[in-house]
Every structure is written in structure tokens, then in C-alpha cells.
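Chains as they are written, first to last, in UniProt numbering: chain A, 1 to 662; chain B, 1 to 662.
Think of the CB as a built atom: it goes at the ideal place given N, C-alpha and C, for glycine as much as any other residue.
Heads up: the structure comes next, in C-alpha cells.
2 protein chains.
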Amino acid sequence: MSRKEFRDLSTPAEAREAVESLDLTPDPETVPLAEARGRVLAERVDADLDVPGFDRASMDGYAVRARDTFGHDETDPATLDRVGAVHAGEEPSVTVEPGTCAEISTGAVLPDGADAVVIVERTTETADGDRIEVRTSVAPGDSVMFAGADIAAGARALGPGTELTPREIGLLSALGRDAVEVRGTPVVGIVSTGDELVRPGEELHGERGQIYDVNSYTVAAGVEEAGGDPRLYPHAGDDYEAMGDLLVEASEECDLVLSSGSTSASAVDVVYRVIEERGELLLHGVSIKPGKPMLVGRVAESAYVGLPGYPVSALTIFRTFVAPAIRRAAGRPEPRTATVEGRMAVRERSDEGRTRLVPVGLVEGGPSEAVGDDDGATGGADADGAAGNTLVYPVDKGSGATTSLVEADGVVTVDADTEYLAAGERVAVDLFSPDVRPPTLFGVGEDDPAFSRLLDGLDRPRYLAVGSREGLRRLREGVPDVAVTAGPDERESSARSGDGTAARVDAVDLGGWTREWGLVVPAGNPREVTGLADLIDRDLRFVNRDANSGLRASLGEAVATLADERGVDRREVVGAMDGFDRSVRAHESPARRVLAGDADAGLGLRVTAERLGAGFVPLGEEAVRVRANPDRTEKAGVAALRRAVEGADGVLDGLAGYEPLE
Amino acid sequence: MSRKEFRDLSTPAEAREAVESLDLTPDPETVPLAEARGRVLAERVDADLDVPGFDRASMDGYAVRARDTFGHDETDPATLDRVGAVHAGEEPSVTVEPGTCAEISTGAVLPDGADAVVIVERTTETADGDRIEVRTSVAPGDSVMFAGADIAAGARALGPGTELTPREIGLLSALGRDAVEVRGTPVVGIVSTGDELVRPGEELHGERGQIYDVNSYTVAAGVEEAGGDPRLYPHAGDDYEAMGDLLVEASEECDLVLSSGSTSASAVDVVYRVIEERGELLLHGVSIKPGKPMLVGRVAESAYVGLPGYPVSALTIFRTFVAPAIRRAAGRPEPRTATVEGRMAVRERSDEGRTRLVPVGLVEGGPSEAVGDDDGATGGADADGAAGNTLVYPVDKGSGATTSLVEADGVVTVDADTEYLAAGERVAVDLFSPDVRPPTLFGVGEDDPAFSRLLDGLDRPRYLAVGSREGLRRLREGVPDVAVTAGPDERESSARSGDGTAARVDAVDLGGWTREWGLVVPAGNPREVTGLADLIDRDLRFVNRDANSGLRASLGEAVATLADERGVDRREVVGAMDGFDRSVRAHESPARRVLAGDADAGLGLRVTAERLGAGFVPLGEEAVRVRANPDRTEKAGVAALRRAVEGADGVLDGLAGYEPLE
């Protein structure tokens, strides 16, 4: 096997330098004002006209010669002849001679002779309407904006490098600019590698090991966010010639080419060889986790960065090294880094010998969890002002998992020489963006269809369907706000099996419901399965759920009862079931295996069977309970969940086999 | 005069409620994944396939039956027959029987029979290549990602209301989704009112009181920023029928119609009548400054908000009341409010009786300005961690000025019953966006073409060309970092005129240059002006600069010298000059008046005359000096400016009449 080894890894600093040495900066371009928002000015803009372009009334009233009002007031008004009127958008047809005035509206041209405006509230029309009493004294310039007072011709209005927000658009409008020269948008080509990748929307053949191409769209979205213009190139296959031609083609059309997609060694090898032979390789391999197999170089006419294949690695390398270069090329300022301080909720080992960027989730603890050492709290990026209560937990499902992207809020950087982060240790979390806020509710536990619907009505909840057993374990560790558990009645269960963990957790019960569970079978139940005994006595293939699920606990209870009835050992019953150990992860997975023809019966819920159009053999009911961390019952998200659980009847009505708890 | 009076003003809270009562929410829409970034999910997305869709090797190595490796290690390797290979994207053609293994690459399908992968680094090929020595023991599942382990079919992937960042795009890609249902983008029509308004890019007739339409593009950019889709409607004129038809047409095409543009009473009256008669008026007039004349209602089929005419007022009302409604309709979360604490640099009166939103600028003070009371510092939104040093100064050039938009960083809200903000008082500034950072350098003073070019090379400077005298005044107040002054040699000047303020300021001199000043005359000098005496002795019309400018000080010096020579009083000389009191604001303004035929000579610089193709009569040289606040010399922006001034020779070389200071 010939595989590229990355023995001489570069440091993160060297990788940064290598990327900085590439030139991605495109030429400036001229855009219409209506499309200029968010762009960065490439030119310096001087005013080439006065704004306003004339002496302008800034109030409704009468244009006067200020001198005519001197010394007058409420008790001794000046009386002036009205000689006409000037409205906004008109050329004045009158001249204000001594002793006269002209009606004027806001925005109108101050007529010749006048040097001030008296506001209408300080005037009175005489009965005949020909004369105006002015009940105040004004100074020259009062209620007048002189020509050029906003900005005068020749003055510097905006400098190069200015980001154009609505405010700058306003000034450019005032100057009459309908187009501006802005920094060009770096064009970033994304070349997808790996014969196993299929574009989303196309048909996937899992049996051939195909997977959807995650990195292309993810990185494209990242390019857009950084101010670049992403171009997806069609996949060319992993042979050397085709890949080489594609990379060279992309380099001619783009300022930067990224290759991304595959974790397969052959695809990586091909790209590596193309860059070495048809470009220039500046760096391969960086001492960072995730992201080690990063390439930096040039190919034909553009800069090149090879991203690792795993989505988490690819996005991490992109965010850490590539996005800053795209922003720089686009002239965009570095975004204000949003950092939140928190405490590690659990110990995290890190004996890697390279810098680790650990994706982490955040959860706001309750008030009683507050601890003394609050001096370092940054507070600003923390909406609730409770940085001292922020718990930080690692989200590490492996670089291959895309879900860990959405289950994390940011990244903790762990130095190469740090062996571990202790539970309770203060850490700084770089949020994925300054807008990231910790979820209002962090729940873990059973994947229950009714609970899942309740989540739809909550604001920014996070829920990890890790199963009832694992959910309770985490609740005991104190990290999540709530755990959802399902399973047989606890008192009975713990009395029988001794596994009464649920009952012993010091949690606050927020309520729940029951759900009907049993065996999901093909539609029409062709093998005429009647109950659990058939799985033992007949030649039926079964698919189980994993040991964390409440369904599995209920099944275990039913197996124990059956063993008691038969007077045999529980293990004997289990051993007779073909598939008791064939456990799958999600609540619909056994049913889907059955429908795919891989099994005759699967552990599942009536609601799942109905949803998927399968048959169902009921075995019992189990309780689903929502349990809260006792320190968090006052937290807004937990309170909102409690209300949702209390009002869950509408949701339960729509789900087969669900009943409110008595 | 019939004008709408806003006597019964609503409170800001009532205005907010009125806007909230409008329904702007558009229908959800389906967008391709490539265009989904930044949108908000309208559907709940459940996985409808397992990810990965098969048991997947997560490392390069050999697929084995774990049991075959049990008990083996470096000293006692297991030897397995190699029966084939599986690459990513291939359907396995082998089965791993006991005692065998298959080469496997990362991402490939685990072949039947195998339940683990041994990483290649722990294996050795035998000499003949047919067998593999496995130097470790692995457990079932090692280096394998099981089908559905990332996310399983039927599991909840993303909830409605989720904002789609690159991370969520990644998960949607993994699920094979190439389109998603997202919250619709509210369409916001912008109807421009006021006969005096001209679209940017079109020809402007200032003599008729025309001005460029600032609000349309500014508000459109604000709509876009808030997540709406702005539509500019062509201006229809201010007559009732045309305006009514236009508003009704816009209402049929938009979720919200904004009218915006004119300050003229007639235009405002027309819109007011249209809404009253062809729609429903919910609110007119709100007790807030700026922004009082706000309208809220419905017109035909859509929601309606009438924005005030002045740009600052329009954008303030838009940001305060309308943008939140657009964000809500688009399903966007409220942006994290960025607030910075600072101290008022000067006293600000506010006896208005209504809530005031004061646009303010920020400047970071120097370390020696730090003051004791730092406990309330929020810090987070303050890049330098120096909130206690942030000085806040009001930017109030009147609502009619567009430049005050770009000279401010945010807004301080002053309650209706607050009479004033004291200098030194702590205030909270709501930044215009969380990305706003105080300028790196805040300068004030003379509008000098050379200095203006130096600014182009600095990162985010702010410079207000208020003139030398006003610049020095502000430097003495301690607000800006630097002041740029121009004028006659100070020692002479102060000795002669007693006006030696510049010399007496305790400022640090960062260097400077000299510039040639004199009279700008039409090209070819048709009136054969030879010097200052001609302006006194002949019938020539002159245009002066304002009293704050250094040029005016140099002229004053020259006038004094001439008066001395003639043995007359200075006032006599000035009185004989037609136009000594005709002063204009910006450094090019007198020259432009001359070129427009309004005058025979104007005070100005040689560089200006050359730039505008005018003639020039030199009268002398004056020094331009850059002076720093002594507390701020260590500030990075000031240090960068000092370097720029020291290296200014290249800039000076390109400017006529400029010389380095000796």
C-alpha cells in the first residue's frame, strides 16, 4: 500500500504563514450602489459637489432677513409683507427685500435676500393674509443649512477600506454616486474529490459505499460567509489526468482553489501528486487535530489549499486558516471574535502532542451552581451575564460525524503540551460566530416522537438522543438541563432487576406520557407473529435497539417475565432469539430494517409502525418521563419545557399509541 | 398654510406595539441548498436515511474479525490471510472468513464477516504479500463507524427556526437534501416621496432645490441587512392620485411598504392623506428625537410605515422600529446587541421632553486617562478591553446631515426626563452593529490634501475637517487623539496678534510640512490679479474661508502686514475687500466659486488650483502640523500616524506647493 505519510508536520503558525504567502486578492470592481452593501470600498471617495447644493430651509416657516427681526418678541412682533412662497424642489421666484418675507417649506431653496428662517410656530398671519407677524428674533443662519454644510465639494468623504453599511450608502447617495469601486470578491473554486461522493439530491447507493458530498456545500457556505464567491466544480473522478485537468481549469477561473471531499487515500494521493507535479507544494500536514492532512501550495495560476476529507476537519481547517485569507483578500475586517468563558463540565484528556481544537457545546447552569471565582468573566458575549455559570462540554463524535458540527457552539483550543482539561477548569470558547448563543434548553435521552414534536415549539433547544440510560448518566454528571427517559415502571423494574438507576436520580419530574411498544413487522404481518414467544420458539430474525434505549429496557423486562413464566434462565431466552444482539441506534432503525427485508420483526413503537406503513404486534406500554436537573428548574428554557409537557395533550392526540400519564 | 401637526404623540412603546400588530410574515419558500446559507428553516428536518449508510472504515488498514486478534500484540502477532481489498466507493467483493482479512481504505464499506479495522500502522505484510501480521488486539467496532452512527433514519436532525450556517448546510448535505423549506423573505417596497428628490446618478439641479434621494438606497440597504428583500419604486410625484396609485400598487407586491424621502410638508401631507383614505392609520407621530413624524398603518393589502424625511431620522426610526419587525417576519433572531460602556467626553444637554437617540462617536482614551470606577465595564464588545477608557462624544450635525451617519458609531438613548448628560458620566452606547469598532485614530482639524492622502494608508481612521482653530479647541477638551493645524508661524503670529492658542496647547508635535497658499483665480488669470493689494484697491470679488481654517489665519496675518505697511487699521483693509466676509467651509470651496464665475479670486492652495485647472497667485507658505493628545502618544493608531507623517515625503512629492518641514 502506498500512502502519503505526514511525518514532518508543520506547526499551526507555519501553516498560517504559508496561507498568508499566497496571493488571492482579486482586482477591484465597480458595482451599482444598490448592490454595494457589505462590500469594501477600494477607492477613496471625495465629494464632488456641495451637500446640500444650496442654502436650504431646515424648518417650515418664513424666509426673512434676520436683521428685520432683531429686537422683536412675543409682545412686540415684527410685521413683514409676504411676497411669495418657495416650496421644496422649486427655483425661488421671489427676492426677500428689507421688510418682506416669503413662505418657505423644509428643504426649499432660501430665496435671494433672505438669510434666516423663522419657524411657522413663531408667526401669525394677519387677517388679510398679506402680512406676517414674527414673534421672535432670529440670527442669520437660523433654521438654514448652508450649501456644503453637510459635506463640501473637494472634502474627503470615505476612505479606501471602508465597509459599506446603510450609513455609508446614505452618504454615497447624498453625493449622487450610483456606482462605487469596491474590493473584488475572491473567486474560490471547490473541487470535490473521491469516487465515493454523490451530490445531495442525487441517488445514493450505500451498498457501494457511496456517501453524500458534505464538504462541497459546507465549504461553499463558509466561503460565502467569509466574503468570497464559491464555485462548485463537477466531480471529475479520481484518476490523475482528469483531476489534474480539473484543478488547472479551476485555477484559471479562480483566485483560490480548494480541494475537498474524500477521506480515501487514493483520492488524497491523486490530488497530492497533481499539486506536486503541476503546481507547487508549500506545506503538507499540520500538527493540529482535527485537520492534520492539510495541503498548501499553488496550482497553475492560482493559490491552492487542500482540505482534509472529514467534514469536521475540513471546516476546522477552513475556518482556522482559509477563511481569514479570504476575508483579507476581500478587504473585510476580521470579525470581532466572540469568546465566552466557561468551566469544563467534565474532564477531557488530550495527550495528542499536537494542538487540538475541541468542538464544544455550552450550557448555562442554574443560579445555585454559581461558584466564587468570577473575576475573569468576560460577560460581554454572554447574553445572560452569567459566564461564571457557563458549562462547557466536549462534542466529540469523531471527525467523520456531521452531527457534531451542529451539536457544538464553538471550539476550545488545547495546546500540544496540555495533557488534560480538568472538570471545573476555566476555558475560553471561541464561538463559531459572534451570534452564537447557548441553546435555551439542553436535553438528552430517549428519542421519543412526541417529545421531538414538543421541541419544535421551543426556541433554540438542543436535544441529543443518546438513549434513556446514557441520558440519566449525563443528568447525574450535571451537564444537561433535562433528561428524557422511557422504560418499564421504575419501582417494579428496580425491584425485579435491581437496575433502578432512574428512580434513584435526584431529578425533578416535569411530567410525561405513555407509549405503546412492541414488534414492528411487515405490513399484513405475513409471518403471523403474535408475540415475544414467537421470536424464541420460531425461526424469526429480530432487530433490537441498543442498550441505552428505554425500549430495550422494556424488552428486557418482558424477557425476564417470560423466563420466569417458563422457569428458565433469562440468558436462555435471550440466546434463543436470533437478533437480540443485533442492536441499532435510532428509534425507527429496527422498523426500517424490517421494511428493507433484513428482518422479520423489530423492536419499536406503534407510532413508528403506523408512520412507516408497517404492521405492529403490541407488547406493552411504557412511561416516558421528562426529568430536570434540580438546579435548573428556574431556567427559562426548562420552565418553557415544563409548560409544553403540561400542554402536550394536543401532540399526544395525533400520535398512535400515546396516552397522557395518569 | 395647512400642515399636519403631531400634537398627540405616541410613546416609543406604543409605536413598537403598533408595528408589531402589523403582519409582514411571508409564506415559506423552498430554496436550493446552495442558496440556503443565512436563511431560517421553516420545516423540521428528520433524517430519512442512515448516515453513514453502511458500516464504514474510519481508518486505512485491514478489515478483520476482532476475535481473530484477541490476545495478540507486538511480540505475538496474529497472522491472517489477505483475501482482497475494498476501496472507498466500491461494493465489497470479498467476505472476511475466520483467519482472513481484507485491505480497506478510509471510508470504504466494511465487508461481510468483518467487525473491526486494524490500522495499517499496526500491521506488517509478509514477504510474499499474501499474509498480514496484526500486531495488536482490536475489539468489535474499532475503527469502524456503524451505519446510522452519525445520524439514523427517523431521527430529528434540525428544528424549525434554525438559522442555516455552514454547519447546518453540512448536516443537510449529509442527508442528501438539495433543497430546504425556509422562512420567506419579506418583500419591502420603498416609495420615495418629494418632488425635490433626484436618484443618484441622475443630473442634479441645485438651483431648483433638488437634492439626491438619500433615504431610498439607505433604507433599502437596511432592509437587506435585516433580512428583507427591498424593492425601490420609481418616484411618482407628489400629487394625491399618483401617490395613492403607487402606494396601492406597491402594497399588492410587497409585505410592507415604506414611504421615505421628503421632508417637505406637501409630500408628507399627500402620503398622510393617502393612508388615511385608502388604508388605515394606526399611529402618527412618536415622542422620540429624531423621528417624530413617523406613520404606522395599513395600505390596501400590506403593512405600511412612513419614515421621516431626514436621513438620520429615517434610519433611526427604521433601525428602532422597522428592522426588528422585518427580522421577526424573516424568522431571524434579534442580533446580539452590542453595547459598549463609556464616559461622556463633554456635557450634552437634553431638555426635550421626549426620548432622544443621540448619535455618538467613540474614542479610546490613553492609559493615563484611566479612572477608578471600572466595575461596570462590560468589556466583551470592546476589542481593547479598555471600556473604562472609552470616551463618548455626541455627533449632532442635525437630522438633515448625512455625514453624521458615518461619523457616529452608535446611539445613546436619553430618557425624556433626563435634562443633561454630564461630562464624565457613564453611558451605554448601542453600536450600529456588533461589528462596529471605535476608529483606531480620531483626528480633527484642518482639511489638508496631503494629510488626507496619509489617512488613505491608515486602518479605519476617523477625521473631522473642522478647521485648525476648532480642532485645537477640541484637542484641548481632550476628545480627539490628534489635531491637524495650519497657519502662519506660531511664534510670530502669537507675538503679533496675541492669538497664540496653538503654541500654548500642551500637545505633542508629530511633525508636518509646509504648503503654498494664495489666491485661486480663473485659468489664465484674466483679471491679472497680482496680489492681496488688488483685492483692496480694485473692484474684484473675493471668496474667503471660514474663521476656523488655517488658511484664513494666514490671510489674516497677511492682511495685518499690509495694514502695517500702509499705516492703516486692519479693519479698514478688510472693509475694502469685497468678499472678506463671504466665507465658505471646505478647502476647495472658494476655488470652485471662482470657477463657477461667482468670484474673481478665492483663498486657496496651489495644489487645489492645479487640481481644478485654475490659475494661482502665490501669497506665502504656511506650516501644517500634526499634534497629538499627550495622553495618547502610545495608542497604536497615533503611533501609526506618526510613522506615516515621518514617511510623508512620497505623498508631498506628488503635491504642488508642498515641502517637508525643515
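*In terms of alpha-carbon separation, which member of Ala586(A), Ala533(A), Ser589(A) lies closest to Arg566(A)?*
Residue nearest to Arg566(A) within the set Ala586(A), Ala533(A), Ser589(A) is Ala533(A) (criterion: CA-CA distance).
_Can you list, in chain order, the residues of its chain with a C-beta nearer than 8 angstroms to that of Gly99(B)? Leave out the 5 residues immediately preceding and following it._
Cβ neighbours of Gly99(B) beyond the five flanking positions: Asp68, Leu80, Asp81.
*asked:* By the 9 angstroms beta-carbon criterion, what residues does the segment 596-628 of chain A contribute toward chain B?
replied: Correct list: Thr608, Arg611, Leu612.
_What are the residues in the segment 128-155 of chain A lying within 7 angstroms of chain D by C-beta distance?_
Here chain D cannot be found, since the structure's protein chains are A and B.
_Residue from Pro28(A), Met344(A), Arg44(A), Arg437(A) whose Cα sits closest to the Cα of Val406(A)_ = Residue nearest to Val406(A) within the set Pro28(A), Met344(A), Arg44(A), Arg437(A) is Arg437(A) (criterion: CA-CA distance).
_Residues in the segment 240-266 of chain B having any Cβ partner in chain A nearer than 7 angstroms_ = With the criterion set as a beta carbon lying under 7 angstroms from some beta carbon of chain A, the members of the segment 240-266 of chain B are Ser262, Thr263, Ser264, Ala265, Ser266, in sequence order.
*What is the residue span of the alpha helix (DSSP H) that Leu472(A) lies within?*
Taken as a continuous stretch (DSSP letters only), the alpha helix (DSSP H) holding Leu472(A) covers 468-477.
*N- and C-terminal bounds of the beta strand (DSSP E) containing Val624(B)*: Element bounds for Val624(B): 615-628.
_Positions along the segment 36-56 of chain B whose CB lies within less than 9 angstroms of some CB in chain A_ = When C-beta distances to chain A are compared with 9 angstroms, the residues of the segment 36-56 of chain B below that value are Ala36, Arg37, Gly38, Arg44, Asp46, Ala47, Leu49, Asp50, Val51, Pro52, Gly53, Phe54, Arg56, in chain order.
*Any beta-carbon of chain A closer than 9 angstroms to the one on Lys397(B)?*
At least one chain A Cβ lies under 9 angstroms of Lys397(B).
*asked:* Restricting to Cα atoms, I'd like to know which of Ala586(A), Val559(A), Val584(A) is closest to Val573(A).
replied: The candidate whose alpha carbon is nearest that of Val573(A) is Val559(A).
*Kindly indicate which three-state DSSP category Glu181(B) falls into: helix, strand or coil?*
DSSP, read as helix, strand or coil, puts Glu181(B) in strand.
*By DSSP, does Gly512(B) sit in helix, in strand, or in coil?*
The answer is strand: DSSP assigns Gly512(B) an E or B state.
*asked:* Can you tell me where the alpha helix (DSSP H) holding Phe451(B) begins and where it ends?
replied: Element bounds for Phe451(B): 449-456.
_In whole angstroms, give me the CA-to-CA distance for Thr418(A) and Asp8(A)._
The alpha-carbon atoms of Thr418(A) and Asp8(A) are separated by roughly 21 angstroms.
_Against chain A, does His284(B) count as a neighbour if the rule is that its beta carbon must be under 9 angstroms from one of theirs?_
False, the Cβ-Cβ gap to chain A never drops below 9 angstroms.
*Alpha carbon to alpha carbon, how far is Gly237(A) from Pro311(B)?*
In this structure, the CA atom of Gly237(A) is about 56 angstroms from the CA atom of Pro311(B).
*Exposed unless 16 or more other CB atoms sit within 10 angstroms - verdict on Gly309(A)*: It is buried - the Cβ of Gly309(A) has at least 16 other Cβ atoms within 10 Å.
_Buried versus exposed call for residue 663(A) [16 or more other C-beta atoms within 10 Å across all chains shown]_ = Chain A is shown from 1 up to 662; residue 663(A) falls before or after that span and cannot be answered.
*Cutoff 7 angstroms; reference Ser554(B); Cβ partners in own chain excluding five residues on either side*: Excluding sequence neighbours, Ser554(B) sits near Gly487, Pro488, Trp517, Gly620, Glu622.
*Consult DSSP for Thr355(B) and reduce its assignment to one of helix, strand or coil.*
Thr355(B): strand per DSSP, three-state reduction.
*asked:* Nearest by alpha-carbon distance to residue 663(B): which of Gly457(B), Arg44(B), Leu455(B), Arg122(B) is it?
replied: It is not possible to answer for residue 663(B), since the shown part of chain B is limited to 1 through 662.
*How many angstroms separate the CA atom of Asp213(B) from the CA atom of Phe616(B)?*
As the crow flies, the alpha-carbon of Asp213(B) is around 36 angstroms from that of Phe616(B).
*How would you label Thr165(A), buried or exposed, when you count the other beta carbons within 10 angstroms and need 16 or more for buried?*
Looking at its Cβ environment, which holds 16 or more other Cβ atoms inside 10 Å, Thr165(A) is buried.
*Since Val286(A) contacts Val358(A) with CB under 8 angstroms, what's their CB separation in whole angstroms?*
The Cβ separation is near 16 angstroms, so there is no contact.
*What does DSSP give as the partner residues of Ile104(B) in its beta bridges?*
Listed as beta-bridge partners of Ile104(B) by DSSP are Gly61(B), Val86(B).
*Are there three or more Cβ pairs, one per stretch, closer than 8 angstroms when the segment 221-238 of chain B is compared with the segment 168-188 of chain B?*
Short answer: they touch.
*Where Ala483(B) falls: helix, strand or coil (DSSP)*: The three-state secondary structure of Ala483(B), taken from DSSP, is strand.
_Whole angstroms are fine: how far does the CA of Val223(B) sit from the CA of Gly170(A)?_
Separation of Gly170(A) and Val223(B) (C-alpha to C-alpha, rounded to the nearest whole angstrom) is 13 angstroms.
*Within chain A, the residues that Tyr217(B) reaches when beta carbons sit closer than 7 angstroms*: Within 7 angstroms Cβ-Cβ: Leu33, Ala34, Ile169, Ser173.
*Could you tell me if Tyr420(B) is buried or exposed, where buried requires 16 or more neighbouring beta carbons within 10 angstroms of its beta carbon?*
In this structure Tyr420(B) is exposed. Its beta-carbon is surrounded by fewer than 16 other beta-carbon atoms within 10 angstroms.
_Where Gly279(B) falls: helix, strand or coil (DSSP)_ = Of the three classes helix, strand and coil, the one that applies to Gly279(B) here is strand, per DSSP.
*Are the C-beta of Val117(A) and some C-beta of chain B separated by less than 9 angstroms?*
Interface residue (Cβ-Cβ distance to chain B less than 9 angstroms): Val117(A) is not classified as such.
*asked:* Bridge partners for His284(B) per DSSP, in chain order?
replied: For His284(B), DSSP records a beta bridge to Leu295(B).
_If the criterion is Cβ atoms closer than 9 angstroms, does the pair Ala656(B) and Val594(B) meet it?_
Taking a C-beta distance under 9 angstroms as the contact criterion, Ala656(B) and Val594(B) do not qualify as a contact pair.
*State yes or no: is the beta carbon of Asp224(A) nearer than 9 angstroms to at least one beta carbon in chain B?*
In the sequence on display, residue 224(A) carries Glu and not Asp. Interface residue, yes.
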